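Colleague: First to last, the sequence lines map onto chains F and A. Going by my numbering, the first residue of the first sequence is number 294, and it counts up by one from there. Going by my numbering, the first residue of the second sequence is number 294, and it counts up by one from there. Note that beta-carbon positions come from the ideal geometry of N, C-alpha and C, so glycine has one too. Note that the structure is a prediction, hence the values are computed from the model and not measured. Quick one: this structure, given as structure tokens, is what I'll be asking you about.
There are 2 protein chains.
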Amino acid sequence: MAQLDRSLIAGSPTFAGMPPEALDEILAQASALRLPKGEAAFRQGEPAERFFLLLHGRLRVTRLNPQGQQMVARFIAPGDMFGVAMAIQVEAYPGTATAAVDSLALAWPNAVWSALLARHPSLAVKTMQSLGARLQDSQKRILDLSTQQVEQRIAGAVLQLAQQAGRKTEDGLLIDFPLSRQDLAEMIGTTLHTVSRTFSAWEAIGLVECGRQRVVVRDRAGLQKIAKKQD
Amino acid sequence: MAQLDRSLIAGSPTFAGMPPEALDEILAQASALRLPKGEAAFRQGEPAERFFLLLHGRLRVTRLNPQGQQMVARFIAPGDMFGVAMAIQVEAYPGTATAAVDSLALAWPNAVWSALLARHPSLAVKTMQSLGARLQDSQKRILDLSTQQVEQRIAGAVLQLAQQAGRKTEDGLLIDFPLSRQDLAEMIGTTLHTVSRTFSAWEAIGLVECGRQRVVVRDRAGLQKIAKKQD
DNA sequence: CGAAGTCTTGAATCGAATCAACGGAAGTGG
DNA sequence: CCACTTCCGTTGATTCGATTCAAGACTTCG
């Protein structure tokens with residue numbers, strides 16, 4: 294296997310602040326996982342035997358309900374841990390993680406998790422905090438789904454994505470990975486048709502600029518106004 | 294202050310398995326908090342200065358969005374920790390916890406949290422797991438809100454409440470605390486009118502029996518069928 | 001008893017889903 | 001390089017579930 298440098302994981306909040314020897318030891322147990330666009334790191338329902346850290350690229354996590362309808366649970370950015378089923382005591386992955394672009398991850402067998410927890414108590418605290426952040430985010434999504442109209446939710450989702458994956462361009466803030474109307478629809482619980490119509494309207498008044506799997510935020514303040522509107 | 298027995302907290306999963314001396318020490322730093330029905334343990338936005346364990350009763354946690362619309366985030370049962378803002382690194386309580394019935398809780402100042410974490414590493418693991426469970430639950434709610442119809446969501450919520458707070462009676466499974474149509478509506482993102490209509494229909498076919506702030510599940514299998522229906 | 005809180009039910013309205021058809025871009029393979 | 005297929009997006013017409021509006025009944029409580 295290729296040589297892995299400890300700088301790969303030192304930058305992740307989960308491992309930040311650990312002594313170099315510990316990082317090297319952790320790295321020694323990892324294997325690299327190349328994920329070409331469209332490939333899955335794991336699939337919903339599979340026994341959860343490994344956990345991961347994304348080094349490069351972007352993953353989309355989806356969930357299917359028993360009736361076969363799908364939603365997008367979140368996007369994973371470089372530095373994020375994912376598939377940490379051990380931490381939440383589930384035996385099967387609750388969703389499917391697919392590469393939205395060519396990606397690179399590290400993978401550890403689950404057994405490593407317990408050993409790490411025992412050896413590095415700070416890991417539990419860090420994981421707790423990251424779960425807390427995700428919980429906060431989920432609660433906010435629930436509140437939005439319960440109380441906001443579709444247009445407001447689209448605006449909120451676009452703003453959030455722009456914040457977490459925005460790249461400054463001459464035209465505005467480009468969401469830096471392929472994002473289809475369908476993806477967005479599944480993030481906020483609507484249909485691609487409604488997203489498409491909304492984008493057409495927004496484009497006409499200069500709020501965004503968009504194309505095939507591509508979104509550029511041109512007027513952030515304008516979108517924020519929509520996201521918060523109450524009528 | 295009244296004498297607190299260690300059995301009060303030993304039953305909570307968070308503290309299970311700790312040595313008796315540790316329990317006594319933890320208890321020594323707690324203060325008891327009586328919450329008559331309708332009173333709040335804390336309110337959304339308040340600086341989070343304490344964390345809690347519910348001993349007896351039931352609390353309803355609500356959230357307001359910036360536009361003033363409210364939702365019910367969860368119900369807290371005896372043995373649950375709540376208001377653990379420290380664990381998720383927020384400075385203000387993200388919701389309001391109100392007693393749905395006369396309740397009794399223990400409260401600790403936040404400073405105790407860090408000390409406990411340092412002294413008892415298992416606490417971080419337990420908290421991590423409980424956050425994980427809540428995260429799972431939130432994700433499921435998001436999936437339901439995104440993909441299920443209102444009637445299915447009502448059925449799901451009623452079944453969940455019956456499971457976590459059901460008391461067997463001659464007529465069926467009574468949800469053991471006052472639960473208004475409005476509460477249910479705010480749990481699943483609909484209006485009290487729709488909940489009321491749905492209950493009327495269900496009552497007519499013998500699925501449930503209900504009255505003022507009162508719900509009895511008579512036909513669990515029937516409700517499950519509705520919750521899972523795809524048409 | 002009056003007042004506030006809770007629930008029910010009808011009628012009208014509306015937002016968004018569904019149904020449907022088509023246009024265009026990207027990838028595939030000869 | 002071009003024909004072919006597949007995927008993604010747009011837009012109109014229609015339908016439908018659920019909200020909103022409205023009025024009244026019942027319960028509980030001070």
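Please state whether DSSP places M294 (chain A) in a helix, a strand or coil.
Modeller: Since pLDDT at M294 (chain A) reaches only 48, below the 50 mark, its modelled position is unreliable, and the value read off the structure follows with that caveat. In the structure shown, M294 (chain A) sits in coil (DSSP, three-state: anything other than H, G, I, E or B).
Colleague: Give the list of continuous beta strand (DSSP E) stretches no shorter than 3 residues that lie fully inside the segment 438-490 of chain A.
Modeller: Taking only runs of at least 3 residues, the beta strand (DSSP E) segments lying wholly in the segment 438-490 of chain A are 459-461, 466-468.
Colleague: Counting only Cβ pairs nearer than 8 Å, list the residues of chain F close to N358 (chain A).
Modeller: Neighbours of N358 (chain A) on chain F, chain order: L436, D437, T440, Q441.
Colleague: Going by DSSP, what residue range makes up the beta strand (DSSP E) through P402 (chain F)?
Modeller: Where P402 (chain F) is concerned, the enclosing beta strand (DSSP E) stretches over 396-402.
Colleague: Closer than 9 Å, Cβ to Cβ, to anything on chain A: give me those residues from the segment 470-502 of chain F, in chain order.
Modeller: The residues in question are E479, M480, I481, G482, T483.
Colleague: CB-CB under 8 Å to M294 (chain A), same chain, minus the five flanking residues each way: which ones, in chain order?
Modeller: A caution first: M294 (chain A) carries a pLDDT of 48, below 50, which makes its placement in the model unreliable, though a value can still be read off. Answer for M294 (chain A): S324, A325, listed in chain order.
Colleague: Would I519 (chain F) and E463 (chain F) qualify as a contact pair, given that the criterion is a beta-carbon distance under 8 Å?
Modeller: Contact flag unset, no.
Colleague: Run through DSSP, which three-state label would F492 (chain A) get?
Modeller: Of the three classes helix, strand and coil, the one that applies to F492 (chain A) here is helix, per DSSP.
Colleague: Buried or exposed: T484 (chain F), going by 16 or more other Cβ atoms within 10 Å of its Cβ?
Modeller: That one is exposed.
Colleague: Roughly how many angstroms lie between the CA atoms of V509 (chain A) and L454 (chain A), to the nearest whole one?
Modeller: For V509 (chain A) and L454 (chain A), the distance between alpha carbons rounds to 11 Å.
Colleague: What are the residues of the segment 402-417 of chain F that lie near chain A, defined by any Cβ-Cβ distance shorter than 7 Å?
Modeller: Against chain A - using a Cβ distance shorter than 7 Å - the residues of the segment 402-417 of chain F are L410, P414, A417.
Colleague: Going along chain F, which residues have a C-beta under 9 Å from A514 (chain A)?
Modeller: Per Cβ cutoff of 9 Å: no residues; A514 (chain A) is ~16 Å from chain F at best.
Colleague: Find the residues of chain F that neighbour Q422 (chain A), judging by a C-beta separation of less than 7 Å, and give them in chain order.
Modeller: Ordered by position in chain F, the residues that pass the 7 Å Cβ test against Q422 (chain A) are I381, Q382.
Colleague: Are any of the Cβ atoms in chain F nearer than 8 Å to that of S431 (chain A)?
Modeller: It does; some Cβ of chain F falls within 8 Å.
Colleague: Would you mind working out which of A:A380, A:T355, A:R427 sits nearest A392 (chain A), comparing C-alpha positions?
Modeller: With distances taken between Cα atoms, A392 (chain A) lies closest to A:T355.
Colleague: Compute the distance between the beta-carbons of V394 (chain A) and K461 (chain A), then report whether it is under 8 Å.
Modeller: No, Cβ-Cβ distance for V394 (chain A) and K461 (chain A) is not below 8 Å.
Colleague: Run down chain A in chain order and give the residues with a C-beta less than 8 Å from the C-beta of A426 (chain F).
Modeller: The contacting residues are I381, Q382.
Colleague: V497 (chain A) by DSSP, collapsed to three states: which one?
Modeller: Just to set this straight, residue 497 (chain A) is Ala in the shown sequence, not Val. Three-state result, A497 (chain A): helix.
Colleague: If distances are taken between C-alpha atoms only, which option among F:E332, F:E496, F:R299 comes closest to L397 (chain F)?
Modeller: Closest by alpha carbon: F:E332.
Colleague: So is M364 (chain A) in contact with chain F if we call contact Cβ pairs under 8 Å?
Modeller: Yes, M364 (chain A) lies at the interface with chain F (some Cβ there is under 8 Å from its Cβ).
Colleague: Between A303 (chain A) and A309 (chain A), is the Cβ-Cβ spacing less than 8 Å?
Modeller: A contact, by the Cβ cut-off of 8 Å.
Colleague: Can you have a look at S493 (chain A) and say buried or exposed, based on whether 16 or more other CB atoms are within 10 angstroms of its CB?
Modeller: Exposed, by the Cβ-count rule.
Colleague: Residues in the same chain with beta-carbon distance under 6 Å from H486 (chain F), minus the five sequence neighbours each way, listed in chain order, please.
Modeller: Closer than 6 Å at Cβ, skipping near neighbours: no residue.
Colleague: Is P387 (chain A) close to chain F? Criterion is C-beta to C-beta, closer than 8 Å.
Modeller: For P387 (chain A), the answer is yes, since a Cβ of chain F falls inside 8 Å of its Cβ.
Colleague: Three-state secondary structure (DSSP) at E502 (chain A)?
Modeller: Residue state, collapsed to three classes: strand.
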